[in-house]
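Chains as they are written, first to last, in our numbering: chain X, 1 to 351; chain Z, 1 to 306.
Given below as structure tokens:
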């Protein structure tokens, strides 16, 4: 007989080990998966996890893709700690990208040094505005934020599609659904012209530091976490839940908007119908893999970014669809959630 | 008159996959479990239905396979949420992402090969009635099945002893456990039923409605089904009405595109999503109505004390 027993206190070892175990099992399952498709699992795993990191270009792409994931996950973690479920970061990212492109292409101050800073500010505000809708509806109208953030993501995707197919389409772009290229002054400068990694990576670093400080050292962050873990205790202590809702959602929106400008003014250089390969959704997984902790999020972001890169590599080499990255993301989260069980419980054999 | 008939029937058909998925989720939530993964389970049902159909299986079997695919996907969620007591929000999200990925992978070879859709059935005599015939009695069999399932679910919840047990578990798993109900097992059954219904809804999309396999073809219907349960304030009759309302929105939006309204198609396509938000707001404002049938233990993990 096996019996589940609660541990007297949560295991710190398991809290650290669970993400590693989950990653290990995900890799194991993926090897079996590749094997079943008739590919040599060692080769595919090499292609997935090693090959992308063997070149400077690979490293640059790795950090480039990790950066939006880390930024968004930081913002989301603030909300998740308070049990505020913003799962529409993808839509907030899109709005940020739209605002940034709009300013970069059409603002009258094209030659000013403030062009890029105004794009960044506009993107953050646009992301926050898109997140303010569910925040308002949840705090004032009691409307479920999961559904509203998600519905708004669909609306944002359609709005983006409308812009790039219609009014914002590049007249000299051979009818491709994309805007004109952003002017040079409206883009982040790259460190080296051979690689795409650019100065927007500093925003990821800043986001991590701010999030760490907010979550671990600030009183507001503490109050929000209490509200998430023990709502009744928080209410008794007089912490307002509407503050947590607003801060939680706006933090996610601001972060996603920032990631949006990082994409259009970074590697993309223009707005098109597909500006994000699901960063907004993958960032949810990053936040959980990182245990809603700033340092963990960095590691989670690097891991998920590697999954994206590896997905691209095996897509090119083996002709597998890019959806594979989604399968692995889902698996990783499954095993992580299963692994969390071992933090609070143990399984014992009883006779 | 013909236009009315065509809009009415199109609305009912567009609502059918939502009715399946939302009725399933209603049972899941009534047992106190929140499965956010409907979108993933619908996609699994949709792709496995097409797979079975292309493998030469008869349509009934293909639909059955889709149901099993949905149920098996929900089992993954069930194991995490019920046995491992994982955060139900995260587990459901993982299922939504996972189902999207797996279905895209399985359906990668299906191209856009059309499916021989399930055809409407002629009910003797009734189908030939003037006006009422084409209005009510010329649907495909699954539309009637959705109505039968609606009656069955309503009866189960409010008239059967097992339904009472299910609601008791959703209200207070501790008390239900103390009385001797196997809380976890009943919740497993509810989760599997929800998965099966989502799989059926997915099959309806890929084998009747569209009818072909397209990556991410559910286009948010799984999430709208989730919204419908909130909209319905956990009452079956309002699930039905809500589904028709959203079906109507979809059809209205398509009609608007067809008659060439001077509004861009993308903005018209956004209507059902915006309508979902508006309706949710209107419903949620009334806190009393929301708590009346709300399963009090929703999304809270439960561990039997002994």
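Yeah, the Cβ is synthetic: ideal placement off N, Cα and C, and Gly gets one too.
Quiz item: Does residue 64 of chain Z have its Cβ less than 8 Å from a Cβ in chain X?
Solution: In the second chain, residue 64 of chain Z corresponds to position 64, counting from 1. So, not an interface residue.
Self-check item: Per DSSP, cross-strand counterpart(s) of residue 272 of chain X
Solution: In the first chain, counting from the first residue as 1, residue 272 of chain X sits at position 272. Answer by DSSP bridge pairing, in chain order: X:178.
Quiz item: So, is the C-beta of residue 84 of chain Z closer than 8 Å to a C-beta in chain X?
Solution: In the second chain, residue 84 of chain Z corresponds to position 84, counting from 1. Taking Cβ atoms only, chain X reaches closer than 8 Å to residue 84 of chain Z, which makes this a yes.
Exercise. Could you give the DSSP three-state label for residue 4 of chain X: helix, strand or coil?
Key: The residue labelled residue 4 of chain X in the question sits at position 4 within the first chain. It is a strand residue.
Quiz item: Mind pulling the chain C residues with CB within less than 9 Å of residue 188 of chain Z?
Solution: Note that chain C does not occur in the displayed structure, where the protein chains are X and Z.
Quiz prompt | Helix, strand or coil at residue 196 of chain X [DSSP, three-state] | solution = Residue 196 of chain X sits at position 196 when you count from the first residue of the first chain. Residue state, collapsed to three classes: coil.
Exercise. Name the residue from X:101, X:302, X:268, X:28 whose alpha carbon lies nearest to the alpha carbon of residue 42 of chain X.
Key: For the purposes of this step, residue 42 of chain X is taken as residue 42 along the first chain, with counting starting at 1. Of X:101, X:302, X:268, X:28, the residue nearest in Cα terms is X:28.
Quiz item: How should residue 13 of chain X be labelled, buried or exposed, when 16 other C-beta atoms within 10 angstroms of its C-beta is the threshold for buried?
Solution: Working through the first chain from its first residue, we reach residue 13 of chain X at position 13. Label assigned to residue 13 of chain X: exposed.
Quiz item: Just how far apart, CA to CA, sit residue 222 of chain X and residue 336 of chain X?
Solution: Looking up residue 222 of chain X in the first chain gives position 222. Looking up residue 336 of chain X in the first chain gives position 336. Computed Cα separation, rounded: 25 Å.
Quiz item: Checking contacts by CB at 8 Å: is residue 162 of chain X closer than that to chain Z?
Solution: Your numbering for residue 162 of chain X matches position 162 in the first chain. Yes, its Cβ sits closer than 8 Å to a Cβ of chain Z.
Self-check item: DSSP-derived helix/strand/coil call for residue 169 of chain X
Solution: Position 169 of the first chain holds residue 169 of chain X. Residue 169 of chain X falls in the coil class under three-state DSSP.
Quiz item: Any Cβ of chain Z within less than 8 Å of the Cβ of residue 147 of chain X?
Solution: Counting from 1 along the first chain, the entry for residue 147 of chain X is found at position 147. Judged by the 8 Å Cβ criterion, residue 147 of chain X is in contact with chain Z.
Quiz item: Which residues in chain Z sit within 8 Å of residue 209 of chain X, going by Cβ to Cβ distance?
Solution: Here the question's residue 209 of chain X lines up with position 209 in the first chain. What residue 209 of chain X touches in chain Z: nothing, since even the nearest Cβ is about 26 Å away.
Quiz item: Measuring CA to CA, which of Z:72, Z:130, Z:78, Z:49 is closest to residue 106 of chain Z?
Solution: Reading the second chain from its first residue, position 106 is the one you call residue 106 of chain Z. Selected option, being the one with the closest Cα: Z:49.
Quiz item: So, does the CB of residue 284 of chain Z fall closer than 8 Å to a CB anywhere in chain X?
Solution: For the purposes of this step, residue 284 of chain Z is taken as residue 284 along the second chain, with counting starting at 1. Yes, because at least one Cβ of chain X sits closer than 8 Å to the Cβ of residue 284 of chain Z.
Exercise. Measure the C-alpha to C-alpha separation of residue 47 of chain Z and residue 55 of chain Z and round it to an integer number of angstroms.
Key: Along the second chain, read from residue 1 onward, the residue named residue 47 of chain Z stands at position 47. Along the second chain, read from residue 1 onward, the residue named residue 55 of chain Z stands at position 55. Answer to the nearest angstrom: the Cα atoms are 12 Å apart.
Self-check item: Same chain only: Cβ atoms within 6 Å of residue 126 of chain Z, ignoring 5 sequence neighbours per side
Solution: Position 126 of the second chain, counting from 1, holds the residue named residue 126 of chain Z. Here the set comprises 137.
Self-check item: Sequence-distant residues of its chain with Cβ nearer than 7 Å to residue 199 of chain X (five each side left out)
Solution: Taking the first chain and counting its residues from 1, one reaches residue 199 of chain X at position 199. Same-chain partners within the cutoff: 188, 189.
Quiz item: What residues from chain Z crowd round residue 261 of chain X, counting only those whose CB sits closer than 7 Å?
Solution: As a first step, residue 261 of chain X is located in the first chain; it is residue number 261 there, counting from the start. Residues of chain Z passing the Cβ test: none, with the nearest at roughly 23 Å.
Exercise. Determine the chain X residues that contact residue 105 of chain Z at a beta-carbon separation under 7 Å, and present them in chain order.
Key: By 1-based counting over the second chain, the position of residue 105 of chain Z is 105. Here the neighbours are 321, 323, 324, 327.
Quiz item: Does the pairing of the region 73-88 of chain X with the region 282-298 of chain X give three or more beta-carbon distances under 8 Å?
Solution: yes
Quiz item: Nearest CA to the CA of residue 185 of chain Z: which residue from Z:31, Z:7, Z:9?
Solution: The residue you call residue 185 of chain Z lines up with position 185 of the second chain. Nearest option by C-alpha distance: Z:31.
Self-check item: Within-8 Å CB hit, residue 302 of chain Z to chain X
Solution: Along the second chain, one-based indexing puts residue 302 of chain Z at 302. By this cut-off, residue 302 of chain Z is not an interface position.
Quiz item: According to DSSP, is residue 188 of chain Z helix, strand or coil?
Solution: Here the question's residue 188 of chain Z lines up with position 188 in the second chain. Of the three classes helix, strand and coil, the one that applies to residue 188 of chain Z here is helix, per DSSP.
Quiz item: Using a C-beta cutoff of 8 Å, does residue 35 of chain Z count as contacting chain X?
Solution: Working through the second chain from its first residue, we reach residue 35 of chain Z at position 35. No, its Cβ sits nowhere closer than 8 Å to a Cβ of chain X.
Quiz item: Cβ of residue 121 of chain X within 8 Å of Cβ of residue 98 of chain X?
Solution: Taking the first chain and counting its residues from 1, one reaches residue 121 of chain X at position 121. Taking the first chain and counting its residues from 1, one reaches residue 98 of chain X at position 98. No; because the gap between Cβ atoms is not below 8 Å, this pair is not in contact.
Quiz item: What is the residue span of the alpha helix (DSSP H) that residue 347 of chain X lies within?
Solution: To locate residue 347 of chain X, count along the first chain from 1; it is residue 347. Here residue 347 of chain X belongs to no alpha helix (DSSP H); instead the beta strand (DSSP E) covers 345-349.
Quiz item: In chain order, what residues of the same chain have a beta carbon less than 6 Å from the beta carbon of residue 62 of chain Z, not counting five sequence neighbours either side?
Solution: Start at 1 with the first residue of the second chain, and residue 62 of chain Z comes out as number 62. Hits under 6 Å: 49, 52, 53.
Practice problem: Would you grab the beta carbon distance between residue 5 of chain Z and residue 134 of chain Z for me? Rounded to a whole angstrom, and I think it's under 8 Å. | Solution: Within the second chain, numbered from 1, the residue matching residue 5 of chain Z stands at position 5. Within the second chain, numbered from 1, the residue matching residue 134 of chain Z stands at position 134. About 5 Å separates the two Cβ atoms, so the contact holds.
Quiz item: If you measure from the beta carbon of residue 214 of chain Z to each beta carbon in chain X, is any gap under 8 Å?
Solution: Here residue 214 of chain Z refers to the residue found at position 214 of the second chain. No - not a single Cβ of chain X is within 8 Å of the one on residue 214 of chain Z.
Quiz item: Less than 8 Å separating the beta-carbons of residue 280 of chain X and residue 93 of chain X?
Solution: Position 280 of the first chain, counting from 1, holds the residue named residue 280 of chain X. Position 93 of the first chain, counting from 1, holds the residue named residue 93 of chain X. In this structure, residue 93 of chain X lies closer than 8 Å to residue 280 of chain X by Cβ.
Quiz item: Roughly how many angstroms separate the alpha carbons of residue 145 of chain X and residue 258 of chain X, rounded to a whole number?
Solution: As a first step, residue 145 of chain X must be located in the first chain, where it is residue number 145. As a first step, residue 258 of chain X must be located in the first chain, where it is residue number 258. Looking at the two C-alpha atoms, the distance is approximately 21 Å.
Quiz item: Looking at the unbroken alpha helix (DSSP H) that takes in residue 246 of chain X, where does it start and where does it end?
Solution: Here residue 246 of chain X refers to the residue found at position 246 when the first chain is read from its first residue. Note, residue 246 of chain X: alpha helix (DSSP H), 241-263.
Practice problem: Decide yes or no for the touch test of the region 318-332 of chain X against the region 196-212 of chain Z: beta carbon pairs closer than 8 Å, at least 3 of them. | Solution: no
Quiz item: Below 8 Å between beta carbons: does that hold for residue 200 of chain Z and residue 84 of chain Z?
Solution: Against the second chain, residue 200 of chain Z aligns to sequence position 200. Against the second chain, residue 84 of chain Z aligns to sequence position 84. Not closer than 8 Å, so no.
Quiz item: Whose C-alpha, out of Z:192, Z:65, Z:108, Z:43, is nearest the C-alpha of residue 25 of chain Z?
Solution: Locating residue 25 of chain Z in the second chain gives position 25, where the first residue counts as 1. The candidate whose alpha carbon is nearest that of residue 25 of chain Z is Z:192.
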